[in-house]
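Here the structure comes first, spelled out in structure tokens, and everything after it is commentary.
Numbering (full-length UniProt numbering), first residue to last: 1 to 191.
This is how it looks when you write it as structure tokens:
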């Protein structure tokens with residue numbers, strides 16, 4: 001079986017070209033993106049958040065799967081990266097790009113319960129997990145990637161990943177699955 005996606009967002013190739021020109025090597029990989037699109041499609045009308053836009057590869061995949069009545073908020077602290085995502089995807093009325101610190105965004109969020117949270121930054125993954133889980137609707141999906149060693153990881157990153165994976169079973173309100181597929185994923189659903 002070929003695990004490569006059989007569909008790709010139209011903007012993805014241009015986003016990845018811009019990522020390479022910027023020297024940004026942390027975009028979500030295609031298999032993860034394909035899964036994001038599939039999971040987004042399961043949440044019609046849902047409000048979703050991507051924490052850690054990067055240059056927009058994950059957002060492109062989420063938008064690719066989302067229905068017309070769903071909404072995505074994509075949060076990124078680096079305005080240069082966020083600008084690339086907004087340039088390629090900002091014309092889509094279903095997405096709002098917020099240039100903000102992920103902790104500050106968590107503190108300020110007052111929108112509807114989240115149907116899906118894709119977490120690709122430290123807050124909500126390595127710290128403040130409970131704060132993010134409190135924003136998920138019952139049945140809301142929690143998705144984390146990059147849990148297998150990556151060439152872009154700093155030398156002190158593996159202990160963070162290990163601690164995250166060790167504490168997950170204690171979150172009885174988040175049954176889920178950890179897998180070594182793609183870049184290493186955790187997918188949970190809030191009770």
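Every residue, glycine too, gets a C-beta built ideally from N, C-alpha and C.
Apart from the five residues on each side of it in sequence, which residues of its chain come closer than 7 Å, Cβ to Cβ, to residue i?
i	result
residue 11	60, 88 and 89
residue 180	148
residue 161	147
residue 3	31
residue 202	For residue 202 there is no data in the structure shown, the boundaries of the chain being 1 and 191.
residue 16	27 and 57
residue 101	77
Based on the DSSP secondary-structure assignment, which residues constitute the bridge partners of residue i?
i	result
residue 48	72 and 116
residue 189	141
Go to residue i, then tell me how far its alpha helix (DSSP H) extends in each direction, as first and last residue.
i	result
residue 93	Here residue 93 belongs to no alpha helix (DSSP H), and DSSP marks it neither H nor E.
Could you pull out every residue in the same chain whose Cβ sits closer than 8 Å to the Cβ of residue i, ignoring the five residues on either side in sequence?
i	result
residue 38	65
residue 173	133, 190 and 191
For the beta strand (DSSP E) containing residue i, name the first residue and the last one.
i	result
residue 183	Neither: residue 183 is in no beta strand (DSSP E) and is coded neither H nor E.
Give me, in chain order, the residues of the same chain whose beta-carbon lies closer than 6 Å to that of residue i; leave out the 5 immediate sequence neighbours on both sides.
i	result
residue 35	none
residue 185	145 and 179
residue 187	143, 176 and 177
residue 112	47
Start-end ranges of the alpha helix (DSSP H) lying completely within the segment 108-178, minimum 4 residues: 129-133 and 157-167
Inside the segment 3-60 only - beta strand (DSSP E) runs reaching at least 3 residues: 47-51
Contact between the segment 76-83 and the segment 36-56 (3+ Cβ pairs under 8 Å): yes
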